[in-house]
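Everything below concerns the one structure shown next.
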Amino acid sequence: MNKNNTQTNIFSLSNDKVSATILLVPALIFCTIFIFIPAIGTIVGSFYSYSLTSMNNWKWVGFGNYVQATQDEYFWVALKNNFIIVFASIVLQVGVGTILAAILDRGIKYGRVIFRTIIFTPMVISSVAVSLIWLIIYDPNVGILNAIFKSIGLSTPSKGWLGDPNISIWMIMITAAWQNTGFMMVLILAGLQGVSKEVYDAAEIDGATGVKAFWYITLPMIRNVLIVAILITTIGAFKVFEFIFVFTQGGPSNATQVLGTYIYLQAFNLLHMGYANALSVILLLIALFLGWLQLKSSRKA
Amino acid sequence: MNILNFVIKKIYLITLSFFLSFGFISSSYAIDITIWDLSGRNGQDEFYDNLNKEYKKINPDVNIILQTFENEAYKTQIQVALNGNDGPDVFFNWFGEDSARLARAGLALDITPYANVEGGYGNYISEGLSNTTAVNGKIYGVPNTSVSKYFHYDPAFFEANSLEVPKTFDDLLNLCKDIRAIDSSIVPWPLGNSERWKLNHVITMLNQRVVGEENTAADYNLSASEDELFTNPAYVEAWQKVVDLQDAGCFQDAPNATHPDLTRSMFASQISPMIYCGTWCGGIFNGEGFSDFSYFRFPEVVGGAGAATVGFLVPSGMMVSAKTPHPEIAAHVASFMVSDDMALQAAELMGFMPSNPTKIGEMSNPTHWFNFYVNDIADKTGHVNVLDVLLEANVSNAYLDMGTEILNRTKTPQEAMDFIRQVALEAKAAM
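As you go down the protein sequences, you meet chains A and B in turn. Under this note's numbering, the first residue of the first sequence is numbered 5, with each subsequent residue one higher. Under this note's numbering, the first residue of the second sequence is numbered 9, with each subsequent residue one higher.
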């Protein structure tokens, strides 16, 4: 009887394995075609010099493309800009998102759904459409931002909001924050709503209310949600492309160049496909590291 | 096991339906010829509808399918598409380094054998024009138009303020100052350089006027020696002229943050009295409600090495993909686009300066700007191609970047040329 049972179990186990393998095959095929093969191709291509219009003429350069990256002034500008975007996005999107979530959770009694919907709405608009709308707002000749500044007697940047290399990256950040803060708010709001009311009641007895309760009760309780929000924002900031491309294409004078747009410039405009591959591998390594951090913190959460 | 059977059945059904649909498609005789072109041309849809109808009269089994793309996006997408297997059969290009690079890479088809067949492009356009697409003696494109650039101005404004058309570069500077003196809020010459190419067209002309086309040739094709490459001090002088224009108040405050479309609208709505704009602009101004404009050439630079009778000219037209499964038909369609009747339609509907002028006299009510462009291009003693089409990609990008830096005053003309020379030396070494 025991023997029979064992045989049945082994049979059903192997049957499950076969089923599981079959069910995994489509996903594996798609991952192989769309992720693994391109990723391997990118890594291999990063050791060669070739262009999009000379695909049959690959020249081996070893680590030459990586060495070139270390000596490339604009690569460092792009990397620095990515870090600026990470910092600014965390402050503007996660920081402001947390404040808005706290207000919606406990600060106001009426109209929560309306405010939440209004703040979240930009998130559902395509980034390209958002950029085009803000491009008009920032226009130095007919834009509403200039008109507002002038109407209250303030001066506007003579090179334009997006034409001045010192401020253009920050203007793009404001737009990105406008679009993405709503998402962060909803994410953090979900975390806030998971905090038990009893904890606040107990804290109130101990004299912790308002900002004190937010600082000592709310923030520690949603720590893991905040970590995930920060990592999502950080990874998004390293992948940023559409905003920069539509607004400035990395200009003026490469002042808003980020890794995404710089890779595009090298690959498709300057035809340095091998070098672009090397830059992509560097970006991939950064993204993998951040992804690993995210996984680690998610498990903790 | 049920799951396994289910999956096998599904795979069988999907495979069967795939082969059935493939069989159905291949049983049809229709041939699709896909054409990629830039978007936004007036009359474009009507022209291509007519092209499809007219071509069906001589080859009923061919469907011409048009796909259009925005200018900047097209420059990248066409390269990607030609490397893939789903690209166009026939595609638009500017003839210069861009088209030559595709030819050298084997992505564009050598259409020399199709020149003199029945209906071939050799029957419609001159050999000289075909040769603008030649690489190593082989023809890779069918030019269907050329674009040039002129100052367009508002004669009513000029007359009302007793302003005169400038003959020299100094006159142009004085004109800007005079317009600012009339009303400091008027932008004499709006410059939309957010995409970088607008100033590139201006420096193309300034290099020709100041440095001279004979002196630029060896630098532009990187054949000058390393000691001499882009060392002519006249290049710095040409950039200095841009600074002079800015100092004279010609441009608005933030040219690097202004889109070219907006500057065209500023002129068309008569907010600004002049603009340096291409031969495609006349139709745009007219479309925006302003047709009483006039034109003048880029003025002479006194003491410069280049003649004032030389103009800006970029031939453009159609190339055939080397991967098209129907090379003969694709080349025939490209040729048909410059046939007598279609060239006339391209001129009438899209305002093209046709490469085949056989029926140009039959145009019904040609616009005044069309007549001016055609006659003036014919009158010129020579032409220069625009730098962002002509130069090697890295040098071209350096010129584009330095235009932005000069306008922002983050680099001096000398620093800009030092940078361009450095990039040119690296590009020459990599050749």
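For glycine and all other residues, C-beta sits at the position ideal for the given N, C-alpha and C.
Please determine, among the options, the residue with the shortest C-alpha to C-alpha distance to residue i.
i	options	result
B/Leu137	B/Glu222, B/Ile211, B/Ser193 and B/Val346	B/Val346
B/Glu203	B/Ser170, B/Ser156 and B/Asp269	B/Asp269
A/Leu306	A/Met177, A/Ile44, A/Tyr54 and A/Phe79	Because chain A is modelled from 5 through 305, residue 306 of chain A falls outside the range shown and cannot be assessed.
B/Arg417	A/Met127, A/Leu27, A/Ser162 and A/Ile39	A/Ser162
A/Gly255	B/Lys65, B/Val309, B/Leu408 and B/Ile385	B/Leu408
A/Ile248	A/Ser172, A/Leu283, A/Leu191 and A/Phe87	A/Ser172
A/Asn306	A/Ile226, A/Ala43 and A/Ser130	In the structure displayed, chain A extends from 5 to 305; residue 306 of chain A sits before or after that span and is not available.
B/Leu415	B/Asp191, B/Pro163 and B/Thr266	B/Thr266
A/Tyr70	A/Gly295, A/Ser301 and A/Val285	A/Val285
B/Asn402	B/Trp205, B/Ala111 and B/Ala435	B/Ala435
B/Gly8	B/Ile385, B/Gln422 and B/Asn152	A question about residue 8 of chain B goes unanswered here, because the residues of chain B that appear run from 9 up to 439.
A/Ile236	A/Trp174, A/Ser159, A/Trp296 and A/His276	A/Trp296
A/Leu196	A/Glu208, A/Asp210, A/Phe91 and A/Phe218	A/Phe218
A/Val229	A/Val65, A/Val190, A/Gly147 and A/Glu77	A/Val190
B/Glu370	B/Asn60, B/Asp349 and B/Leu253	B/Asp349
A/Phe119	A/Asn61, A/Thr265, A/Gly186 and A/Leu136	A/Gly186
B/Thr76	B/Asp69, B/Glu221, B/Gln85 and B/Asp227	B/Gln85
B/Thr287	B/Phe380, B/Glu296 and B/Ala330	B/Phe380
A/Ile280	A/Ala206, A/Ser257, A/Ile148 and A/Ile267	A small fix is needed here, since residue 280 of chain A is Ala in this sequence, not Ile. When only C-alpha atoms are compared, the closest one is A/Ile267.
A/Val95	A/Asn60, A/Val215, A/Met177 and A/Leu275	A/Met177
B/Phe259	B/Ile428, B/Lys367, B/Val310 and B/Ile187	B/Ile187
A/Ile103	A/Asp76, A/Trp165 and A/Val215	A/Val215
A/Asn282	A/Thr57, A/Thr25 and A/Thr74	Checking the sequence, you will find Ala at residue 282 of chain A rather than Asn. With distances taken between Cα atoms, A/Ala282 lies closest to A/Thr74.
A/Val65	A/Tyr52, A/Gln72, A/Ser58 and A/Met59	A/Tyr52
Identify the contact partners of residue i in chain B, using a Cβ-Cβ distance below 7 Å as the criterion.
i	result
A/Lys163	Ala262, Asn264, Ala265 and Asn416
List the residues of chain A that residue i touches, going by C-beta distances under 8 Å, in chain order.
i	result
B/Leu270	Asp143, Asn145 and Val146
Can you have a look at residue i and say buried or exposed, based on whether 16 or more other CB atoms are within 10 angstroms of its CB?
i	result
B/Trp102	buried
A/Thr36	exposed
B/Leu357	buried
A/Val29	exposed
B/Asn264	buried
A/Ile89	buried
A/Lys7	With a pLDDT of 48 at A/Lys7, under the threshold of 50, the modelled position of this residue cannot be trusted; read the value that follows with caution. Exposed is the call here.
A/Leu223	exposed
A/Asn86	buried
A/Ala151	exposed
B/Gly95	buried
B/Gln430	exposed
B/Met439	exposed
A/Ser55	buried
B/Ser324	buried
A/Val203	exposed
B/Pro333	exposed
A/Pro42	exposed
Compute every distance between the C-beta of residue i and the non-hydrogen atoms of the ligand MG, then say whether any falls below 6 Å.
i	result
B/Ala401	Inclusion of the ligand MG in the displayed structure is not the case, the ligand content being empty and no account of it being possible.
Name, please, each residue of chain A whose Cβ falls closer than 7 Å to the Cβ of residue i.
i	result
B/Thr84	Phe272
B/Gln87	Leu56, Thr57 and Phe272
B/Asn91	Leu56 and Met59
Which residues in chain B sit within 9 Å of residue i, going by Cβ to Cβ distance?
i	result
A/Leu166	Ser202, Ala262, Asn264 and Ala265
A/Leu275	Gln87, Arg109, Ala401 and Asn402
Given that residue i touches chain B, what residues does it touch there, using C-beta distances under 8 Å?
i	result
A/Pro42	The contacting residues do not exist; A/Pro42 stays about 13 Å from chain B at best.
A/Pro169	Asn416 and Thr418
**Against chain A: residues of the stretch 400-422 of chain B by CB proximity under 7 Å** = Listed by position along the chain: Ala401, Asn402, Asn405, Asp409, Thr412, Glu413, Asn416 and Thr418.
**Request:** Ignoring anything shorter than 4 residues or poking outside the stretch 343-422 of chain B, list the alpha helix (DSSP H) runs there in chain order.
**Result:** The qualifying runs are 348-358, 376-387, 395-398 and 401-416.
**Asked** Just by C-beta distance, which residues in the stretch 75-100 of chain A are closer than 8 Å to chain B?
**Response** Against chain B - using a Cβ distance shorter than 8 Å - the stretch 75-100 of chain A contributes no residues.
**Message:** Please list, in chain order, the residues of the stretch 203-234 of chain A that have any C-beta partner in chain B closer than 7 Å.
**Reply:** Legend: CB atoms of the stretch 203-234 of chain A lying less than 7 Å from CB atoms of chain B are not found in any residue.
**Request:** Pull out every residue of the stretch 255-267 of chain A whose Cβ sits closer than 8 Å to any Cβ of chain B, in chain order.
**Result:** Cβ contacts with chain B come from Gly255, Pro256, Ser257 and Asn258.
**Request:** Tell me the start and end of each unbroken beta strand (DSSP E) in the stretch 313-347 of chain B that is at least 3 residues and wholly inside, in chain order.
**Result:** If one requires a minimum length of 3 residues, the beta strand (DSSP E) runs lying completely within the stretch 313-347 of chain B are 318-320 and 322-328, in chain order.
**Request:** Quick one: which residues of the stretch 98-126 of chain B get their C-beta closer than 7 Å to a C-beta of chain A? List them in chain order.
**Result:** Legend: CB atoms of the stretch 98-126 of chain B lying less than 7 Å from CB atoms of chain A belong to residues Arg109, Leu110, Ala113 and Leu115.
**Message:** By the 7 Å beta-carbon criterion, what residues does the stretch 127-144 of chain B contribute toward chain C?
**Reply:** Checking the listed chains, one finds no chain C in this structure; the protein chains it contains are A and B.
**Request:** Could you pull out every unbroken alpha helix (DSSP H) segment of at least 4 residues lying fully inside the stretch 88-169 of chain B, listed in chain order?
**Result:** Secondary structure in the stretch 88-169 of chain B: the alpha helix (DSSP H) runs of 4 residues or longer, each lying completely within the stretch, are 105-112, 135-138 and 163-168 in chain order.
**Item:** Complete beta strand (DSSP E) runs within the stretch 253-297 of chain B (minimum length 3 residues, chain order)
**Value:** The qualifying runs are 282-286.
**Asked** What are the uninterrupted segments assigned as alpha helix (DSSP H) that are 4 or more residues long and contained completely in the stretch 232-296 of chain A, given in chain order?
**Response** For the stretch 232-296 of chain A, whole alpha helix (DSSP H) runs of length 4 or above, ordered along the chain, are 246-251 and 263-268.
**Asked** Which full runs of the alpha helix (DSSP H) of 4+ residues lie inside the stretch 212-246 of chain B, going along the chain?
**Response** Runs of alpha helix (DSSP H) with 4 or more residues, each lying fully within the stretch 212-246 of chain B, are found at 221-228, listed in chain order.
**Request:** Pick out the complete alpha helix (DSSP H) segments inside the stretch 30-57 of chain A, 4 residues or longer, and give them in chain order.
**Result:** 41-49, all fully within the stretch 30-57 of chain A.
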